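Only one structure is covered here, and it is reproduced in the block below.
In the working numbering, the protein residues as written are 454 to 743.
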């Protein structure tokens, strides 16, 4: 059953994020994907996430589809104009990729190509409108297509530090849903009570909400997030738990697994982010009892 069907049937979906390689050696990428095949519903592939030049998500998605795993690719307007974006979307359909997440491209300040010039021809709403137009059989210039693509499209919520920002993000989410988004991916969840408050506010959106579960690799990572992303709500208790553990890496895996188990009662899926530790995805699924 496809991810779209599972979400429509209100089933819980398990997604895992995997970045493409920075180069052409796909051995690790493919090994990590095969390791979790059959245990997840799909693999989400960012497109040059954090401004780091990598193999395109389009290629990564095609490789994942070849393995019999459903791929979901990021699309955004930072690096491509509307012609290139539409061409890539048509290519994605032909290559068997029908799941998309429209995102806002990361700022180039931390990029490994800082002199690259952002395009930003289409914002998220503009890109959603372009996808809807293509599915209707016309490009953005109004010309008829020879065959219409079909996509299942989601969107992201940006991180929010307080209730005011959360309400603003939910208002933007409503606009994205009106423009064609059929599900929403949230920022990483570290505090279930805060997430439940969010879900209370998000309950009227009318589409599946898929929270992100982030693998905390170390005390330093936890402290950095707590300091620089106050909206993440990483508690001192959680940081102490990792610090006191005899195996801090495994403690992060356990925390991710526990978070997934708790979210199964509240949300309609999870997106697991291991950020370079994709070899740990199986251990996270084990910890979650999946």
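Quick reminder that beta carbons are idealized off the backbone N, C-alpha and C, glycines included. Because the structure is a prediction, the values reported are computed rather than measured.
Going by beta carbon distance, what residues of the same chain come within less than 8 Å of residue i, once the five residues before and after it are set aside?
| i | result |
| --- | --- |
| residue 715 | 645 |
| residue 580 | 528, 529, 530, 538 and 555 |
| residue 698 | 704 |
| residue 520 | 483, 486, 487 and 490 |
| residue 634 | 555, 581, 606, 607, 608, 626 and 660 |
| residue 475 | 505, 506, 507 and 508 |
Mark residue i as exposed unless 16 or more other C-beta atoms lie within 10 angstroms of its C-beta, in which case mark it buried.
| i | result |
| --- | --- |
| residue 515 | buried |
| residue 473 | buried |
| residue 459 | buried |
| residue 571 | exposed |
| residue 653 | exposed |
| residue 657 | exposed |
| residue 626 | buried |
| residue 532 | buried |
| residue 477 | exposed |
| residue 507 | buried |
| residue 558 | buried |
| residue 600 | exposed |
| residue 620 | exposed |
| residue 469 | buried |
What's the gap between the Cα of residue i and the Cα of residue j?
| i | j | result |
| --- | --- | --- |
| residue 696 | residue 690 | 10 Å |
| residue 607 | residue 706 | 27 Å |
| residue 494 | residue 550 | 14 Å |
| residue 628 | residue 622 | 10 Å |
| residue 651 | residue 492 | 28 Å |
| residue 528 | residue 510 | 8 Å |
| residue 712 | residue 718 | 10 Å |
| residue 526 | residue 743 | 24 Å |
| residue 687 | residue 596 | 50 Å |
| residue 512 | residue 471 | 13 Å |
| residue 574 | residue 534 | 5 Å |
| residue 463 | residue 577 | 26 Å |
| residue 659 | residue 624 | 13 Å |
| residue 605 | residue 672 | 37 Å |
| residue 483 | residue 735 | 14 Å |
| residue 543 | residue 610 | 25 Å |
| residue 561 | residue 501 | 11 Å |
| residue 670 | residue 454 | 33 Å |
| residue 461 | residue 536 | 32 Å |
| residue 630 | residue 612 | 18 Å |
| residue 583 | residue 465 | 29 Å |
| residue 729 | residue 700 | 19 Å |
| residue 593 | residue 632 | 15 Å |
| residue 618 | residue 591 | 36 Å |
Within its chain, find whatever has a CB closer than 7 Å to the CB of residue i; leave out the 5 residues flanking it on each side and keep chain order.
| i | result |
| --- | --- |
| residue 733 | 668, 706 and 727 |
| residue 665 | 638, 639, 640, 641, 642, 724 and 726 |
| residue 676 | 692 |
| residue 524 | 495, 496, 498, 514, 517, 518, 550 and 552 |
| residue 457 | 605 |
| residue 702 | 670 |
| residue 655 | 623 and 662 |
Ordered along the chain, which non-local residues of its own chain (more than five positions away) have a Cβ less than 6 Å from that of residue i?
| i | result |
| --- | --- |
| residue 720 | 662 and 664 |
| residue 710 | 737, 740 and 741 |
| residue 564 | 504 |
Which complete beta strand (DSSP E) runs does the region 708-736 hold, if anything under 3 residues is left out? 722-726
Can you confirm whether the region 711-725 touches the region 674-681 when touching is taken to mean that 3 or more C-beta pairs between the two stretches lie within less than 8 Å? no
Those runs of the beta strand (DSSP E) which lie wholly inside the region 540-579 and span at least 3 residues: Every beta strand (DSSP E) stretch that sits fully inside the region 540-579 and reaches 3 residues is listed by chain position as 552-555.
For the structure I just gave you, are there three or more beta carbon pairs, one from the region 577-587 and one from the region 635-650, closer than 8 Å? no
Pick out the complete beta strand (DSSP E) segments inside the region 615-684, 3 residues or longer, and give them in chain order. If we require 3 residues or more, the beta strand (DSSP E) runs fully inside the region 615-684 come out as 636-641 and 662-667.
Any chance you could list the alpha helix (DSSP H) runs of at least 4 consecutive residues sitting entirely within the region 480-539, in chain order? 480-489 and 510-519
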